[in-house]
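**Q**
Protein chains: 2
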Amino acid sequence: MSLRYAILAILTAAPLTGYETAKRFEGSVGHVWHAPDSQIYPELRRMEAEALVEGREERWGPKGTKTRYYITAAGEAAFRDWMATPLKYAPWRDVAHMQAAYFEWTDPESVRMHLEQHAAHYTEQIAQWSSQVQAIESHEHPMIAARLERYPAEQHERIVAFKAFAYEGLIRLAQAEVDWAHSGLELLERLDADVPAADAGD
Amino acid sequence: MSLRYAILAILTAAPLTGYETAKRFEGSVGHVWHAPDSQIYPELRRMEAEALVEGREERWGPKGTKTRYYITAAGEAAFRDWMATPLKYAPWRDVAHMQAAYFEWTDPESVRMHLEQHAAHYTEQIAQWSSQVQAIESHEHPMIAARLERYPAEQHERIVAFKAFAYEGLIRLAQAEVDWAHSGLELLERLDADVPAADAGD
DNA sequence: CGCCAATAGCTATGTACATAGTTATATGTG
DNA sequence: CACATATAACTATGTACATAGCTATTGGCG
């Protein structure tokens, strides 16, 4: 159900086609939410059925059409309601930490590979999210530009500040993951100095 | 598929019944993985069908029975294979950070409520995970005790160190979330000092 | 002895997500 | 003009997870 509010949220910036919405939720460019097409198109239709969005058909070239979705007053109200509703926190679940708990079941080279991969992954995330923050703060991010055009100037500071704040939180998490992986490499060195590779269970 | 390896992992400490396994994966007491019963029992059966575990029936009182699952040699091999396999990182997805990006759509009291709830949630997680670390390092954690009884002394340091390491990573993440929420409360104060509660879109 | 909670073993149902693929049209470039 | 990529709109299928509930037996406590 979070996808619904993520869609409503981006429609408060500007109306979008299904394809543009899917582009915003593509998992590879550092956005704050993700979803596959197979969730997005049906959800847009359900929201349209509930009058949270209104789809207006536009011409696209001489023979094509596209549907652009506008958030409705009911959609804004639903979004505001959700924005005032306490969140339900799911239990934490993370494969990398779970696997790390059992590193004694593999050789130090594999442990090193996992930790280096983990650091590399989150270093890349930091780069992606940092570039989002830069685009937000410079107002060059297209959704920011759209919002600043649409809403009165006295709201601009909050609009920009909260998006930067959200990404800064993600960057903090990613930095904690990088630091944790590095501390794991140090732990590995300490453990290797103690006992050479004697695997558990052998 | 991660559940399978989480189950194999805990069976390397000691054989468990389905119910005991489900207890280890209960979402409310700070473990490193979680799963509902509806996943655990079918997965145990699939793993038994694939000879990764062996279920042995035991008597339970005069009329009851229980099945205790033992990891097999094939199960250990599959677990080692997974422990040496690079992980696939899913795109990050987190409702609290997504919602924070749009805090301008609600009033400062709701923003404060969200941030305080976020800090409280992760403060509680830190307490739970810290108590896991204490139990691990004091060797009073039942799974640790089982492992130290089962495996040779030269492996004990690694067994303990890697589990503590995994939880320390989770604690770092939780601390980053608490710090982020606190920095959000500070941001909120700065924004409130600038402009009183003018909501976007009104 | 009765009652309640724990132990034990599940299933049904629905939602969220991953992956892969499809057809049609438009646009830009060489 | 031809070709490749982007835009546009999806669906099919399978896995992961959430929630709620079920029956049976044992054990502890008042």
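From first to last, the protein sequence lines stand for chains A and B. Sequence positions in the first sequence follow the UniProt record's numbering and run 1 to 202. Sequence positions in the second sequence follow the UniProt record's numbering and run 1 to 202. The beta carbon of each residue, even a glycine, is placed where N, CA and C say it ideally should be.
Residues of chain A with CB closer than 7 Å to the CB of His121/B, please, in chain order.
**A** Within chain A, the residues near His121/B are Tyr89.
**Q** Going by DSSP in three states, Asp202/B sits in which element: helix, strand or coil?
**A** Legend: pLDDT at Asp202/B = 46, less than 50; position of this residue unreliable, value from coordinates given subsequently. Note: Asp202/B maps to coil in three-state DSSP.
**Q** What number of angstroms, rounded off, separates the C-alpha of Ile40/A from the C-alpha of Ala135/B?
**A** Ile40/A and Ala135/B: Cα-Cα distance of roughly 45 Å.
**Q** Near Tyr122/B, what residues of its chain come up, given a Cβ to Cβ distance below 6 Å and the 5 sequence neighbours on each side ignored?
**A** Correct list, in chain order: Ala174, Glu177 and Val178.
**Q** Helix, strand or coil for Tyr69/B, going by three-state DSSP, please let me know.
**A** Strand at Tyr69/B.
**Q** Please list the terminal residues of the continuous alpha helix (DSSP H) segment that includes Val53/B.
**A** No alpha helix (DSSP H) contains Val53/B, which is instead part of the beta strand (DSSP E) from Val53 to Trp60.
**Q** Any contact between the stretch 151–167 of chain A and the stretch 98–116 of chain A? By contact I mean 3 or more CB pairs, one from each, below 8 Å.
**A** Touching, no.
**Q** Looking at the C-beta of Tyr102/A, does it have a partner C-beta in chain B at a distance below 8 Å?
**A** So, interface residue.
**Q** To the nearest angstrom, report how far apart Ala90/A and Ala119/B are at their CA atoms.
**A** Distance between the alpha carbons of Ala90/A and Ala119/B: 15 Å.
**Q** Using the C-alpha atoms, what's the distance from Met143/B back to Thr72/A?
**A** C-alpha separation (whole angstroms): 54 Å.
**Q** Looking at the C-beta of Leu191/A, does it have a partner C-beta in chain B at a distance below 8 Å?
**A** With 8 Å as the cut-off, Leu191/A counts as an interface residue toward chain B.
**Q** Using a Cβ-Cβ cutoff of 7 Å, what residues of the stretch 126–160 of chain B are near chain A? List them in chain order.
**A** Within the stretch 126–160 of chain B, the qualifying residues are Tyr151, Glu154, Gln155, Glu157, Arg158 and Ile159.
**Q** On the DSSP letters alone, give me the boundaries of the alpha helix (DSSP H) that Phe165/A sits inside.
**A** Where Phe165/A is concerned, the enclosing alpha helix (DSSP H) stretches over His156 to Asp194.
**Q** Kindly list the residues whose CB is nearer than 8 Å to the CB of Thr12/A, restricted to its own chain and excluding five residues on each side of it in sequence; keep chain order.
**A** Around Thr12/A: Ile71, Glu76, Phe79 and Arg147.
**Q** Which residues mark the beginning and the end of the alpha helix (DSSP H) in which Pro42/A is found?
**A** Here the alpha helix (DSSP H) through Pro42/A covers Asp37 to Ala49.
**Q** Where does Gly18/B fall in DSSP's three states?
**A** Gly18/B falls in the helix class under three-state DSSP.
**Q** In terms of residue numbering, what span does the alpha helix (DSSP H) encompassing Leu115/A cover?
**A** It spans Pro108 to Glu137 - the alpha helix (DSSP H) in which Leu115/A sits, taken as one unbroken run.
**Q** Rounded to the nearest angstrom, what separates Gly201/A and Ile159/B at their Cα positions?
**A** Bear in mind that a pLDDT of 49 at Gly201/A, under 50, signals an unreliable position, so the number given afterwards is only what the model happens to contain. Whole-angstrom Cα-Cα distance: 11 Å.
**Q** Given that a residue counts as buried once 16 or more other Cβ atoms are within 10 Å of its Cβ, and exposed if not, what is Leu185/A?
**A** It is exposed - the Cβ of Leu185/A has fewer than 16 other Cβ atoms within 10 Å.
**Q** Taking a Cβ distance cut-off of 7 Å, strictly less, list which residues of the stretch 33–62 of chain B are near chain A, in chain order.
**A** The stretch 33–62 of chain B vs chain A, Cβ under 7 Å: Trp33 and His34.
**Q** Count the other C-beta atoms from every protein chain shown that fall within 10 angstroms of the C-beta of His139/B, then say buried if there are 16 or more, exposed otherwise.
**A** Flag for His139/B reads exposed.
**Q** Please return the same chain residues whose Cβ sits closer than 7 Å to the Cβ of Lys66/B, not counting the five positions on each side in sequence.
**A** Excluding residues within five positions, the ones whose Cβ falls inside 7 Å are Thr17, Glu58 and Trp60.
**Q** Is there contact here, the stretch 94–106 of chain B with the stretch 17–37 of chain A, by at least three beta-carbon pairs under 8 Å?
**A** Enough Cβ pairs lie closer than 8 Å, so yes.
**Q** Could you name the residues of the same chain whose beta carbon sits closer than 6 Å to that of Glu54/A, not counting the 5 residues immediately before and after it, in chain order?
**A** Tyr70 and Thr72.
**Q** Along chain B, in chain order, which residues have C-beta atoms closer than 7 Å to that of Gly169/A?
**A** Neighbours of Gly169/A on chain B, chain order: His97, Ala100 and Trp180.
**Q** Judging by CA-CA distance, which residue of Glu48/A, Leu170/A and Asp192/A is the nearest neighbour of Arg4/A?
**A** When each option's Cα is compared against that of Arg4/A, the closest is Glu48/A.
**Q** With a cut-off of 8 Å on the beta carbons, I'd call Leu52/B and Leu8/B a contact; round off their distance for me.
**A** Contact holds; Cβ gap of about 7 Å.
**Q** So Pro86/B contacts chain A; which residues on that side make the cut at Cβ distance below 8 Å?
**A** The contacting residues are Met113, His114 and Gln117.
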